[in-house]
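Working notes, structure below.
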Ligand code: SF4
């Protein structure tokens, strides 16, 4: 009998093309997702070397970072640099024979939302994209890596990636989540616990009852932020929920292939007794709705907490905390619930899916966005937007005072017109609170969609459980 | 890719922890479709005020460090996004070596693909080099990849580890794609076997 394997080991072994004595390996890639920001130099490299895309049928391109999300965006992209980048992607996709979803296609959206939605993302696959949040696809039990542009070029040319195997890390969340606590609170709490470097060099497998109980959308939220914990990939073993989600999607296997796939996918779990190099256990009951106070995703506190002081930390973090507090304009000792906000942003590849919008609609039931607050909802894809309209959620959110926008990355990172002004404070469902991330001088508090909705109602950071 | 054998140059101290890729090169510079020209925007928001004037306190604006080739940095340097624009900006500025106790994985990999050597050292070595780097234009270090050593201004030597394959690629300026295509037959064989076993992929 062979030694027990982790899920990561199994997917790795199934894709190993070649291994050198020192462990440097060539890994076969099943899906290559491409967006406009990290690919132009890669295609340019191919052209210069006279190379082709080895497997165009496994490669999918979509513009998301630069696209405006205003309702009139069909009239074109005003910013010249953005337009050039998007046009370059369209041309590269056409020239190299790659599937492309243009800005006017209802299937356009954030690359990590449309991959699963269209069935390009499947269990057991290796998936790469020139984007760190590729980790999202790990929710399906796929090994999904973010890669740099040189690697994008490498995958385009060879359909393989040079890798050394990472270590295995297990994050187990036991028990059931308290009311008002969501997938976003789990993933932020894990990062709060491990720090942003805690997962460096590891692939995380999330397991335990609280993870199993999450919907596919929730699982994607958890895996999405594996990268904020330093891990290059996060994984969740596929189960019936996964298969039900995948079944019938446009690019999912059909007929005999479906049966065959299902049989294989059911073998994708970590064997009893398999070795993990690092283990973290959380009790779901201990997780509260959380927000970030600083400029690193590890700066996480329960909403019932107060802004910390630099003296609460040690080492290099003292200076980092001082800098963060200064940037965020916060005074130690202030109750987080007393922090007033100017803007609410609901969207991104972390929380731009239909379930997130349903959650927001539920909290907003009979309530309104506080007067004078800027509150935007940006569906993660054109299809999510269409579904929300069909379910009547969109109408309710508009009536509650939200700005209902077209799909894209939007204010998750201000590469498009959606940006924070200097000093503007935002309750955001995105994944990064770095300095300047949402606009130069902008201040970001990361939280769940439910907490963002609560903040929209009161105009300050708010405990959703109190509503 | 430019070869990396030995670099001698000024080391700039950057003790801040968790320097993320948004700090190294903010998103507004990601709209380029080229690899070059990003050096002037390196650390943009820390380096210039909103009117575009240099902030004199920022380390790379100080006369002694304007031509730094080496960065000595706090823990977890390069965390955040996969943007290769971060190493492109460092390279374009002239930085060829970054030294820290730890790096984010993707950034670490991206450095090697661009002729930049990221060096991981224990805390006490980084502390010592950070001290050396504080000495302004006297903060000259020599980094020799062949012998895997860093020589400080006082002649003290620190050894570092580097992955043998990555070392080989850097020393010879080898292009990964060219190397991989030497295994093209293996890829073809794998592909046909795999496609038969997993026809839906
Ligand atoms: S939504 Fe944000 S994190 Fe996700 S791909 Fe877009 S910019 Fe990156």
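Residue numbers (this note's numbering), protein chains in the order written: chain A, 167 to 633; chain B, 456 to 656.
Where is the CB? At the ideal position from N, CA and C, for every residue including glycine.
- Close partners of residue 194 of chain A in chain B (Cβ separation under 9 Å): 642, 645, 646 and 649.
- In terms of Cβ geometry, residue 544 of chain A and residue 576 of chain A form a close pair [threshold 8 Å].
- Distance from the CA of residue 472 of chain A to the CA of residue 504 of chain A, rounded to the nearest whole angstrom, comes to 9 Å.
- At a threshold of 7 Å, residue 475 of chain B does not count as near the ligand SF4, since its beta carbon sits no closer than that to any of the ligand's heavy atoms.
- Our two residues, residue 375 of chain A and residue 338 of chain A, have alpha carbons roughly 8 Å apart in a direct line.
- Just so you know, the alpha carbons of residue 340 of chain A and residue 448 of chain A end up roughly 6 Å apart.
- Against chain A, the CB of residue 551 of chain B has no partner CB under 8 Å away; the residue lies outside that interface.
- Looking at B/605, B/518 and B/632, the one whose alpha-carbon comes closest to that of residue 585 of chain B is B/605.
- When the beta-carbon positions are compared, residue 537 of chain B and residue 361 of chain A stay at least 8 Å from each other.
- The beta carbons of residue 334 of chain A and residue 172 of chain A sit about 5 Å from each other, so the pair counts as a contact at 8 Å.
- Under the DSSP assignment, residue 334 of chain A falls in the beta strand (DSSP E) whose first and last residues are 333 to 340.
- Between the ligand SF4 and residue 630 of chain A, a heavy atom-to-CB distance of less than 7 Å is absent.
- A direct Cα-to-Cα measurement between residue 565 of chain B and residue 631 of chain A gives close to 43 Å.
- In the same chain as residue 435 of chain A, and ignoring 5 residues on each side of it, the C-beta atoms closer than 7 Å to its own belong to 173 and 403, in chain order.
- At least one C-beta of chain B is nearer than 8 Å to the C-beta of residue 427 of chain A.
- Contact with chain A is found for residue 490 of chain B, since one of that chain's Cβ atoms lies less than 8 Å from the residue's Cβ.
- Residue-level contact check: residue 472 of chain B touches chain A, since one or more beta carbons of chain A fall below 8 Å from its beta carbon.
- Residues of the region 260 to 273 of chain A with a Cβ closer than 9 Å to any Cβ of chain B: none.
- For residue 559 of chain B, the chain A residues whose Cβ falls inside 7 Å of its Cβ are 366 and 396, in order along the chain.
- Within the model, the alpha-carbon separation for residue 215 of chain A versus residue 240 of chain A is close to 35 Å.
- With contact defined as three or more Cβ pairs closer than 8 Å, the region 475 to 484 of chain A and the region 593 to 610 of chain A are not in contact.
- With the rule of 3 Cβ pairs closer than 8 Å, the region 538 to 555 of chain B counts as touching the region 464 to 484 of chain B.
- Cβ contact annotation for residue 567 of chain B (same chain, cutoff 6 Å, sequence separation greater than five): 621, in chain order.
- By the Cβ neighbour-count rule, residue 469 of chain A is buried, with 16 or more other Cβ atoms within 10 Å of its own.
- By the Cβ neighbour-count rule, residue 627 of chain B is exposed, with fewer than 16 other Cβ atoms within 10 Å of its own.
- If you draw a straight line from the Cα of residue 290 of chain A to the Cα of residue 520 of chain B, it comes to about 49 Å.
- No residue range can be given for residue 274 of chain A, since it is assigned to no alpha helix (DSSP H) and is classified by DSSP as neither H nor E.
- Ranked by Cα distance from residue 445 of chain A, the options A/364, A/612, A/197 and A/383 are led by A/364.
- Using a Cβ-Cβ distance cut-off of 8 Å, the region 367 to 387 of chain A and the region 590 to 608 of chain B are not in contact, since fewer than three pairs of beta carbons, one from each stretch, lie closer than that value.
- For residue 254 of chain A, the CB contacts under 6 Å within the same chain, skipping 5 residues up- and downstream, are 206 in chain order.
- For residue 530 of chain A, DSSP records no beta bridge to any residue.
- When DSSP states are grouped into helix, strand and coil, residue 581 of chain A belongs to the coil group.
- Spatial neighbours of residue 481 of chain B in its own chain (CB-CB distance under 8 Å, excluding positions within 5 residues in sequence) are listed in chain order as 496, 499 and 500.
- When distances are taken from the beta-carbon of residue 520 of chain A to the heavy atoms of the ligand SF4, even the shortest one reaches 7 Å or more.
- The residue from A/223, A/194, A/443 and A/619 with its alpha-carbon nearest to that of residue 200 of chain A is A/223.
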